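Peer 1:
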Amino acid sequence: MLQDKVAVIYGGAGALGAGVAKAYADAGARVFLTGRTEATLKKVASAVGAEYDVLDALDEAAVEAHAASVVERAGRIDISFNLVPRGDLHGIPLTDLSVEDFTRPVVQGITCQFITARAAARRMTAQGSGAIIALDSGSGNGSPMMGGTASADGATDSLIRQFAQELGPAGVRVCGIWTAGVTDSLTPEKLSGAGAPAMDEAAVQGIRQHLDSLRMTKRSPQIADIAALAAFLASDAGVAITGTWVNATAGMFPS
Numbered sequence: 020m021l022q023d024k025v026a027v028i029y030g031g032a033g034a035l036g037a038g039v040a041k042a043y044a045d046a047g048a049r050v051f052l053t054g055r056t057e058a059t060l061k062k063v064a065s066a067v068g069a070e071y072d073v074l075d076a077l078d079e080a081a082v083e084a085h086a087a088s089v090v091e092r093a094g095r096i097d098i099s100f101n102l103v104p105r106g107d108l109h110g111i112p113l114t115d116l117s118v119e120d121f122t123r124p125v126v127q128g129i130t131c132q133f134i135t136a137r138a139a140a141r142r143m144t145a146q147g148s149g150a151i152i153a154l155d156s157g158s159g160n161g162s163p164m165m166g167g168t169a170s171a172d173g174a175t176d177s178l179i180r181q182f183a184q185e186l187g188p189a190g191v192r193v194c195g196i197w198t199a200g201v202t203d204s205l206t207p208e209k210l211s212g213a214g215a216p217a218m219d220e221a222a223v224q225g226i227r228q229h230l231d232s233l234r235m236t237k238r239s240p241q242i243a244d245i246a247a248l249a250a251f252l253a254s255d256a257g258v259a260i261t262g263t264w265v266n267a268t269a270g271m272f273p274s
């Protein structure tokens with residue numbers, strides 16, 4: 020499906036990044052992973068057959084230089100997918116949340132998305148093709164106790180649509196995926212980093228089951244589901260999809 024395509028995955032060392040990287044590589048793409056921690060990048064790259072570069076996706080000059088280096092090494096960039104964490108903090112009412120904790124995912128998220136999408140867009144418009152893909156929880160219309168996540172998602176939703184409008188005439192597609200939580204990517208460590216109290220695997224399983232209960236299908240999206248969708252959107256089979264977000268929440272947020 021992606022034979023001879025060149026993909027860059029920002030934030031590629033996480034569970035979802037690894038899943039998408041494997042799907043892309045299995046479909047024939049040459050995959051470049053980026054992230055800030057070499058040890059985790061190297062592990063994922065070795066497991067899925069990808070290449071990797073240590074990169075801070077909030078560093079504008081570094082992202083531009085990296086995009087140029089990918090073109091030098093591989094000849095082009097066909098797919099750009101941003102999965103960089105934003106520092107979201109959940110579980111605290113807005114009335115008790117600090118300004119810094121509220122604005123961090125908004126500012127970091129939209130800045131990172133803009134920098135990486137712009138770098139890809141500059142190369143893709145020159146070649147006349149490409150797909151830029153983003154992912155968020157689909158909370159742009161608001162979701163209680165989610166801190167700045169809803170505002171960050173709303174900003175990202177709008178940015179992706181604007182990029183699609185501007186880049187479409189050059190043959191570049193821009194779209195996104197809503198997930199509202201990919202449950203097999205949740206771990207005690209990941210949840211604690213988002214502001215949840217320390218918990219064991221049994222407690223995490225309870226959260227997974229609660230998320231399942233909120234879906235129309237009573238089953239949350241899994242890493243493999245999102246990876247398969249990301250491969251489809253990046254492929255020529257998804258040529259008619261741009262300027263929109265694919266609702267992969269299993270009905271948690273009806274479109």
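In case it helps, the numbering used here puts the sequence shown at residues 20 to 274.
In this text, a Cβ means the ideal position worked out from N, Cα and C, and glycines have one as well.
Quick caveat: nothing in here was measured; it's all calculated off a predicted structure.
Measuring CB to CB, does Trp197 end up less than 8 Å from Asp155?
Peer 2: yes
Peer 1: Given a cut-off of 8 Å on the beta-carbon distance, is the pair Val201 and Ile151 in contact?
Peer 2: Taking 8 Å as the Cβ cut-off, Val201 and Ile151 do not qualify as a contacting pair.
Peer 1: Hey, out of Ala221, Tyr71, Arg180, His229, whose CA is closest to Ile260's CA?
Peer 2: It is Arg180 whose Cα lies nearest to the Cα of Ile260.
Peer 1: Could you check how far apart the C-beta atoms of Val27 and Ala40 are, in whole angstroms? I think they sit under 8 Å.
Peer 2: Between Ala40 and Val27 the Cβ distance is about 10 Å, and since that is not below 8 Å, they are no contact.
Peer 1: With DSSP as the reference, identify every bridge partner of Gly149, one or two as the case may be.
Peer 2: Val191
Peer 1: Ala171 to Ala66, Cα distance in whole Å?
Peer 2: 32 Å
Peer 1: With a threshold of 16 other CB atoms inside 10 Å of the CB of Gln22, please say whether the residue is buried or exposed.
Peer 2: exposed
Peer 1: What are the boundary residues of the alpha helix (DSSP H) that includes Ala46?
Peer 2: From DSSP, Ala46 is part of no alpha helix (DSSP H); its letter is neither H nor E.
Peer 1: Less than 8 Å between the C-beta atoms of Leu102 and Gly31, yes or no?
Peer 2: yes
Peer 1: Under DSSP, the beta strand (DSSP E) around Phe272 begins and ends at which residues?
Peer 2: First-last for Phe272: undefined, no H or E at that position.
Peer 1: Less than 6 Å between C-beta atoms, sequence neighbours within five positions excluded: which residues of the same chain meet that for Arg123?
Peer 2: Gly106
Peer 1: Here's the rule I'm using: 16 or more other beta-carbon atoms within 10 Å means buried, otherwise exposed. How should Ala42 be labelled?
Peer 2: buried
Peer 1: Near Val223, which residues of its chain fall below 8 Å by C-beta distance, leaving aside the five closest residues on each side in sequence?
Peer 2: Within the same chain, Leu205, Thr206, Pro207, Leu210 come within 8 Å of Val223 by CB-CB distance, once the 5 residues on both sides are set aside.
Peer 1: Measure the alpha-carbon distance for Asp115 versus Val63 and round it to whole angstroms.
Peer 2: 38 Å
Peer 1: Let me confirm a value: Arg192 is counted as buried when at least 16 other C-beta atoms fall within 10 Å, else exposed. Which label applies?
Peer 2: Arg192 should be labelled buried.
Peer 1: If I'm right that Ala48 touches Ile98 with Cβ under 8 Å, what's the distance once you round it to whole angstroms?
Peer 2: 7 Å
Peer 1: For Thr144 and Pro112, what's the separation of their Cα atoms in angstroms?
Peer 2: 43 Å
Peer 1: Can the beta-carbon of Ala153 be found less than 8 Å from the beta-carbon of Gln127?
Peer 2: No, Cβ-Cβ distance for Ala153 and Gln127 is not below 8 Å.
Peer 1: Going by C-alpha to C-alpha distance, which of Tyr71, Val89, Arg55, Glu70 sits closest to Leu77?
Peer 2: Arg55
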